[in-house]
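19 is the number of the first residue of the sequence shown in the working numbering; add one for each residue after it. Following: one structure in structure tokens, then a few remarks.
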Amino acid sequence: MAGQGDFSELGIRRPPISRMHGAGRAHYLMKGKMTRRILLIVSVLAIVAAVPVELPAGSYDILARIESRRKDSLLTLRFDARPVADSYFIIEGERVIGRISVISSDRIPGMKSHIYRVTAYYMLENAEDEALIRAGLEIGLRGEAERKLRDYAEPQKKETLVYKNEIVSPIDGRKMMLIPAGKFIFGSDTGDRDEAPERSLDLGDYFIDKYEVSNADYLAYVRDVKTAPPRSWKGGLPEEGMLQLPVIVTWMEAAAYARWANKRLPSEMEWEKAARGPALAYDYGSGKAAARSGPLPYPWGPDFIMGKANTMEFWDDPKSGADIKGSFSRGLLPVTVFEGIGDSSYGVVNMAGNAPEWTADWYRAYPESRYSNRRFGTRFKVMRGGAWFSGR
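Put into structure tokens, the structure is as follows:
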């Protein structure tokens with residue numbers, strides 16, 4: 019295949035991530051701005067570059083994870099074996115932020131391995147860490163004396179990899195933004211049932227395309243590998259004025275473009291972190307990084323703001339985007355139009371509007387979810403993000 023490039027000179031050991039869009043059979047499940055959609059073999063092109071970082075082993079044995087938080091300082095936890103102690107540490111990264119006291123434990127029926135659901139009280143060492151107590155947080159165990167030795171021992175030196183915040187892909191020449199390693203809040207407890215449970219997850223470094231893949235980008239790929247054009251191009255070429263609009267392709271076409279560019283499609287988790295931002299928000303007033311009280315529903319913040327994304331409201335509001343509407347009709351807009359207006363905290367554009375984007379994942383229940391849906395399985399791929407025809 020012509021045009022194979024290499025990210026190794028940029029210090030990247032795995033393929034970056036590409037962003038691509040889809041549309042077609044109108045057989046998809048429409049939802050809110052950054053929520054899940056499913057689509058049967060129809061698509062939008064979005065590609066991502068993942069850059070994993072090798073981290074040292076944790077200082078504590080991870081024995082369980084929080085499944086849900088309840089009232090009165092109660093937690094439901096999922097243990098991989100029957101709990102043998104009455105008290106365990108709550109771990110956030112390498113830091114102990116509190117402990118739990120076991121009240122009851124029951125083996126989950128129907129599981130091949132011995133998985134236990136545990137009810138416990140929790141107590142934090144610092145009240146500011148309350149927002150970190152959510153599904154996915156780890157529960158560990160060490161002896162008290164060993165914990166003190168580890169916490170006060172001289173820190174070990176370890177190599178730190180530093181990446182640029184922005185790179186240019188060597189194959190398709192497209193800008194990519196660094197999504198740095200760390201925790202973020204995945205899912206939502208207040209959205210649709212297939213988005214729960216809300217939980218804290220930790221991902222390694224990766225790069226993702228700054229913009230959606232345009233018709234011009236895809237045309238370069240078609241000409242290079244001499245493959246068939248997408249059905250969205252009438253006559254085999256994009257129409258006049260369409261070159262900078264997002265390309266509309268099937269999931270298989272999106273994945274093929276990503277391979278050509280030495281990238282891959284993002285997982286749902288990678289897409290959501292790039293759109294939502296980190297779990298910690300920096301407070302410039304106090305000079306401290308504080309845990310968010312909940313996930314951001316929009317890339318720019320907690321509230322919908324007219325004019326920050328290409329959505330149904332944007333076109334229905336006569337006061338928004340008069341200059342844009344003077345040049346374009348209702349529908350898709352060039353991939354750079356909302357740059358600097360509705361970007362995510364990582365500088366990624368159009369995550370809440372314009373066109374929904376393909377991910378690599380099948381439509382399945384999230385980990386720890388008790389929700390079932392007849393559509394779960396390997397028939398539907400998930401698309402994420404808002405669109406010009408969707409509401410807030």
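No residue lacks a Cβ here, since even glycine has one placed at the ideal position from N, Cα and C.
Exercise. What three-state label does DSSP hand G404 in the structure shown?
Worked result: What you label residue 404 is simply residue 386 of the sequence shown in a count that begins at 1. G404 falls in the coil class under three-state DSSP.
Exercise. Under a Cβ-count criterion, where at least 16 other Cβ atoms within 10 Å of its own Cβ denotes burial, should M194 be classed as buried or exposed?
Worked result: Sequence index remark: in the sequence shown, residue 194 carries index 176 (1-based). So M194 ends up on the buried side.
Exercise. Near F394, which residues of its chain fall below 7 Å by C-beta distance, leaving aside the five closest residues on each side in sequence?
Worked result: In the sequence shown, residue 394 corresponds to position 376, counting from 1. Only Y381, R382, A383 meet the Cβ criterion.
Exercise. R100 and L93 look like a contact to me (Cβ under 8 Å); what is the Cβ gap, rounded to whole Å?
Worked result: On the sequence shown, position 82 is the one that residue 100 refers to. On the sequence shown, position 75 is the one that residue 93 refers to. Not quite, the Cβ-Cβ distance comes to about 17 Å (not below 8 Å), so this is no contact.
Problem set entry | A145 to M260 span [Cα, whole Å] | Here residue 145 refers to the residue found at position 127 of the sequence shown. Here residue 260 refers to the residue found at position 242 of the sequence shown. Roughly 53 Å between the two C-alpha positions.
Exercise. Can you tell me where the beta strand (DSSP E) with R83 in it begins and where it stops?
Worked result: As a position in the sequence shown, residue 83 is number 65, starting the count at 1. 79-88 is the span of the beta strand (DSSP E), which, as asked, contains R83.
For this session: Grab the span of the alpha helix (DSSP H) containing R241 for me, first residue to last.
Result: As a first step, residue 241 must be located in the sequence shown, where it is residue number 223. Its alpha helix (DSSP H) spans residues 233-243.
Problem set entry | Sequence-distant residues of the same chain with beta carbon closer than 8 Å to A82, five excluded per side | For the purposes of this step, residue 82 is taken as the residue at position 64 of the sequence shown. Once the five neighbours on either side are set aside, the close Cβ partners of A82 are L95, R96, F97, D98, P101, Y106, V136, E156, I157.
For this session: Can you grab the Cα-Cα spacing for the pair P34 / S91, in whole Å?
Result: Indexing the sequence shown from 1 puts residue 34 at position 16. Indexing the sequence shown from 1 puts residue 91 at position 73. C-alpha separation (whole angstroms): 41 Å.
Exercise. Tell me which same chain residues have a C-beta within less than 6 Å of the C-beta of N328, skipping the five on either side of it?
Worked result: Numbered from its first residue, the sequence shown carries residue 328 at position 310. L351, G371, N372, W406, listed in sequence order.
Problem set entry | Touching by the beta-carbon criterion (3+ pairs, under 8 Å), the segment 316-331 and the segment 207-214 | no
Exercise. How would you write the range of the alpha helix (DSSP H) that K201 sits in, first residue to last?
Worked result: As a first step, residue 201 is located in the sequence shown; it is residue number 183 there, counting from the start. It is not in any alpha helix (DSSP H) - K201 instead sits in the beta strand (DSSP E) that spans 200-204.
Problem set entry | Helix, strand or coil at A251 [DSSP, three-state] | Here residue 251 refers to the residue found at position 233 when the sequence shown is read from its first residue. First, the residue type needs correcting, since residue 251 is Trp and not Ala in the sequence shown. Of the three classes helix, strand and coil, the one that applies to W251 here is coil, per DSSP.
Exercise. Count the other CB atoms within 10 Å of the CB of A153; is the residue buried (16 or more) or exposed (fewer)?
Worked result: Taking the first residue of the sequence shown as position 1, residue 153 is located at position 135. It counts as buried.
For this session: Out of G404, G409, T377, Y364, point me to the one whose CA is closest to G200's CA.
Result: Reading the sequence shown from its first residue, position 182 is the one you call residue 200. Among G404, G409, T377, Y364, the Cα nearest to that of G200 belongs to Y364.
Problem set entry | For P173, the three-state DSSP class (helix, strand or coil) | For the purposes of this step, residue 173 is taken as residue 155 along the sequence shown, with counting starting at 1. At P173 the pLDDT is 48, less than 50, meaning the model places this residue with poor confidence and gives no usable figure here.
Exercise. Hey, quick one: how far does the beta strand (DSSP E) through F346 stretch, first residue to last?
Worked result: Within the sequence shown, residue 346 is the residue found at index 328, counting from 1. Segment: none, F346 is in no beta strand (DSSP E) and carries neither H nor E.
Exercise. How many angstroms separate the CA atom of Y181 from the CA atom of Y224?
Worked result: For this step, residue 181 is matched to residue 163 along the sequence shown. For this step, residue 224 is matched to residue 206 along the sequence shown. Each residue's alpha carbon lies about 10 Å from the other.
For this session: Using only alpha-carbon positions, find the residue among K281, D210, D220 that is nearest to R37.
Result: Taking the first residue of the sequence shown as 1, we reach residue 37 at position 19. Ranking K281, D210, D220 by Cα distance to R37 puts K281 first.
Exercise. If you drop the 5 nearest sequence neighbours on each side, which residues of the same chain put their C-beta closer than 7 Å to that of Y140?
Worked result: On the sequence shown, residue 140 is found 122 positions in, with the first residue counted as 1. Excluding residues within five positions, the ones whose Cβ falls inside 7 Å are S91, L93, I108, G116, I118, I151.
For this session: Would you list the residues sitting across from K291 in a DSSP beta bridge?
Result: Within the sequence shown, the letter at position 273 stands for residue 291. DSSP lists no partner for K291.
Exercise. Hey, is the segment 271-289 in contact with the segment 331-342, meaning 3+ C-beta pairs nearer than 8 Å?
Worked result: no
Problem set entry | Integer Cβ distance of G269 from W376, believed to fall under 8 Å | By 1-based counting over the sequence shown, the position of residue 269 is 251. By 1-based counting over the sequence shown, the position of residue 376 is 358. A small fix is needed here, since residue 269 is Trp in this sequence, not Gly. Contact flag correct, Cβ pair sits at about 5 Å.
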